Each structure stands twice: as structure tokens, then as C-alpha cells.
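Worksheet: the structure to be examined is printed underneath.
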Amino acid sequence: MAGWTNRGKYLALSRLFRGGTIPTAYYVALVRSTVAPAADINTLSELTQLSTSTGYTSGGISLTPGATDFDVLTEDDANDRGLVQIKDLVWTASGGNLDSGAGARYAVLTDDNATEGSRTVEEYWDLTSDRNVSDGQTLTLQDCEIRINES
Amino acid sequence: MATRIVRPGFDARSLVDAVADDGTLRVRLSVVYPATIARIREVIAAGDGLTREQGGERGLPAELIDAEHRGHPDVDPLGAARRLRRLCRRMPATAWDDALLPREGFADVKTPSLSPDQYVLAASADDDRIDDRIRRLFFRAAALEYARLWFTRALKNQLEGQLTIALIADDRGFRL
């Protein structure tokens, strides 16, 4: 599954209607299947990121709010929803497999809290299977979308 | 709209109905889905040999190739074309037929909000409890979502790379 965490929903409403602070940057981090992200996950420390010595930087890839990094915004009147797409993200394995474990099963969007483990997980995507790549190969995320639906 | 590249084969920009004052591209589902699904079928039928006359480049649908390589240097400019073609190829042919049929003719249940890959996984699950009507509904949803992503990617490559799109529900039959 993919979706908002409850904390992410709360923060979105806070930013929209209470003047809550929009992060200077968001991050997309890759996590293993050890703990599956779900609606009630709060922080990155609750999940297990990939190992960091062979191409994956702890905390993930930084995204700046705006049309460059969130490059497609869609209003869908057929399905009563809004969607925003994230630009293509790439990790390149260098010096070994990208992860020393089974690889990435989920991607998560976090805020930019200075303490990495305290970063709020706002959105998550299931990559549907463990993804690992060997030295020199790339792992690319395409068409990751954040949706707001009428239920 | 500033055009960067005009490609033969599939001109996503020609499917845009209007441009609003704020730059939002307004597109009608009754135009976009049939045209994009026809293109996907053409690409599937061509196998690995999509010709230049068919809008191919290195056998891939040219409209999905980021020829200007605007992304991160490590992003393969052919990657999106390969991926979307592969995902569309694994769909049953009937899903593309079903995608063009009105939603009212399918199972009368709410379609969950999933990614297209997850619709395919759910529809393909080896589970006797899943009704064939639900499998068909999920494959149809995946086909519509892949078509939307195909169109969006093509439009993004053809224009400046940043889009605001309004999908106008001129035909509610195209809902998931």
C-alpha cells in the first residue's frame, strides 16, 4: 500500500489551515521490509533504513518544495482526487550492493528535522518487493505520487 | 506553452483541450484515454521493433524518452520508456478493452486507492476468494492509471518538465 501516515495528514492540515511551518526540505528515504510503514508510523527511527556505505546516504534524497522536485500536479475530477508527482529519484550502488541487506522494500517521505531519527514520516510507498542493485547499477523511483482522495 | 520537442507518433500536447490563465493544462478524459490507450496498443503490438515512422527511438516509444536528460545525471533517460512499456506489456489485452468501457458495467464495489502496480498484483493474486469480477475491475483500473502516467510522462517530456493538469471528467465512465 501507499499512503499518508496519520501524522502526515495532521501536518498537512496544520500547514493548510493553522499556518504550520512548511519544511525547507523533504526527504525520500529507503527502508527495509523489517517494519512496514503504515498509517500510525510517526518517525523514521521506527523504520530500518538501508545501509549507508555503498551509495545510499542516510536520510535519503532531499527534495525542495516547489514545481522542480514536485513536478506534476493534477486535479482529477473523474476520481475526485488531487495528486502530486515527485521527480525521478535515483540511487547508484558504489563499491558493493546498494544495501548490505535485502534491499529497499519501501520509500518514505519525511520532513527535515535536524535529528534524522526524529524526522516525521508523512507518506510511504510500497515498492512491492525487496529492491537491491549491484555495484554500479542504479535504483530509480519513478511516478511516485501523493494523493488526496474523497473516501 | 513553450514547446521543447515535437515528436512523431504520439503528440501529447495535441490532446490538451485548453490552457487556463494560471497555466493549468485542461484535458478531457474522453480524448486522452482513447488516444493514449491506442498508442500503448501500438507500442505493445510493435514488440521491440517500434520504428521511427511509428514514433519509435531505439525501439522504444520516443515520447517517453527524456531526450534532453533534464533529470539527475544517473537517471537513465530511456528508463521510463522501458519501464512503462514493460508494465503495459504484462497486462492482459482485455484490460485495455475494459478501460474504454464505462465503469458502470463493472463490479458495483468501491475501487480502493492503489498504485497501478498494486492493482496488477491484487488482480494476479493466486487466491480463490478473489472474484473474477474484482480481478477484471483491478486490471481495468491499472490500465487507466498506466495510461494516465504514460500521457503525463509524454506531456512532461514535450513541455517544460513541470506540469499542472486538470483532468476534466467529461465522461464519468472513465473513473477507476
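Chains as they are written, first to last, in this note's numbering: chain A, 1 to 151; chain B, 1 to 176.
Every residue, glycine too, gets a C-beta built ideally from N, C-alpha and C.
Every value quoted in this text rests on a predicted model; they were computed, and no experiment measured them.
Reduced DSSP category for Tyr-146 (chain B) - H, G, I as helix; E, B as strand; rest coil | helix
Leaving out five residues before and five after Ser-100 (chain A) in sequence, what residues of the same chain have Cβ atoms less than 7 Å from its Cβ?
-> Ser-51
Chain A partners of Val-187 (chain B), CB-CB under 7 Å?
-> A question about residue 187 (chain B) goes unanswered here, because the residues of chain B that appear run from 1 up to 176.
Gly-60 (chain A) to Leu-16 (chain A) span [Cα, whole Å] = 26 Å
Quick one: Cα of Arg-52 (chain B) to Cα of Leu-15 (chain B), how far?
-> 21 Å
Closest to Thr-64 (chain A) by CA distance: which of A:Leu-11, A:Asp-112, A:Asp-130 and A:Gln-137 is it?
-> Ranking the options by Cα distance to Thr-64 (chain A), first place goes to A:Asp-112.
When the cut-off is 7 Å and only beta carbons count, does Asp-117 (chain B) lie next to chain A?
-> yes
Beta-carbon separation (whole angstroms), Thr-120 (chain A) vs Leu-11 (chain A), contact threshold 8 Å = 7 Å
What are the residues of the region 53-77 of chain A that lie near chain B, defined by any Cβ-Cβ distance shorter than 8 Å?
-> Ala-67, Thr-68, Asp-71, Val-72, Leu-73, Thr-74, Glu-75, Asp-76 and Asp-77
If we cut at 7 Å on Cβ distances, does Asp-135 (chain A) have a partner in chain B?
-> no
Of all the CB atoms in chain B, is at least one closer than 7 Å to the CB of Asp-143 (chain A)?
-> yes
In angstroms, rounded to a whole number, what distance separates the CA positions of Asn-6 (chain A) and Thr-94 (chain B)?
-> Rounded to the nearest whole angstrom, the CA to CA distance from Asn-6 (chain A) to Thr-94 (chain B) is 38 Å.
Can a CB atom of chain A be found closer than 7 Å to the CB of Ser-14 (chain B)?
-> no
May I ask you to verify whether the region 102-110 of chain A touches the region 30-48 of chain A, counting CB pairs closer than 8 Å and requiring at least 3?
-> yes
Test: Thr-110 (chain A) CB closer than 7 Å to a CB of chain B | no
is_contact[Gln-158 (chain B), chain A] using C-beta, thresh 7 Å = no
Could you check what DSSP says for Gln-162 (chain B) in three-state terms: helix, strand or coil?
-> coil
Using the beta-carbon of each residue, which ones in chain B are nearer than 8 Å to Asp-40 (chain A)?
-> Those within 8 Å of Asp-40 (chain A) in chain B number zero; the least Cβ separation is about 18 Å.
Considering only C-alpha positions, which residue in the set B:Arg-28, B:Ala-141 and B:Asp-21 is nearest to Ile-168 (chain B)?
-> B:Arg-28
For the region 75-104 of chain B, which residues have a CB atom closer than 8 Å to at least one CB atom of chain A, in sequence order?
-> Val-75, Asp-76, Gly-79, Ala-80 and Arg-83
Within 10 angstroms of its Cβ, does Asp-71 (chain A) collect 16 or more other Cβ (buried), or is it exposed?
-> buried
For Arg-147 (chain A), which of A:Gly-96, A:Leu-109 and A:Asn-42 has the nearest alpha-carbon?
-> A:Leu-109
Which residues in the same chain have their Cβ closer than 6 Å to the Cβ of Gly-20 (chain A), if we skip the five residues on either side of it in sequence?
-> Cβ neighbours of Gly-20 (chain A) within its own chain (closer than 6 Å, five residues either side excluded): Ser-14.
To the nearest angstrom, report how far apart Ala-78 (chain A) and Ala-142 (chain B) are at their CA atoms.
-> 15 Å
Classification of Val-6 (chain B) by the beta-carbon crowding that lies within 10 angstroms, buried from 16 upward = Here the model assigns Val-6 (chain B) a pLDDT of 49, short of 50, so the residue's position is not dependable, and the following value carries that caveat. Classification for Val-6 (chain B): exposed.
Whole angstroms is fine: what's the gap from Arg-172 (chain B)'s alpha carbon to Ser-30 (chain B)'s?
-> 9 Å
Mind checking whether Ala-18 (chain B) and Arg-26 (chain B) have CB atoms under 7 Å apart?
-> yes
Cβ-based contacts, 9 Å cut-off: residues of the region 23-37 of chain B near chain A = Thr-24 and Leu-29
Per DSSP, what kind of secondary structure is Phe-70 (chain A) in: helix, strand or coil?
-> coil
Find out if the Cβ-Cβ distance for the pair Thr-34 (chain A), Thr-48 (chain A) is shorter than 7 Å.
-> yes
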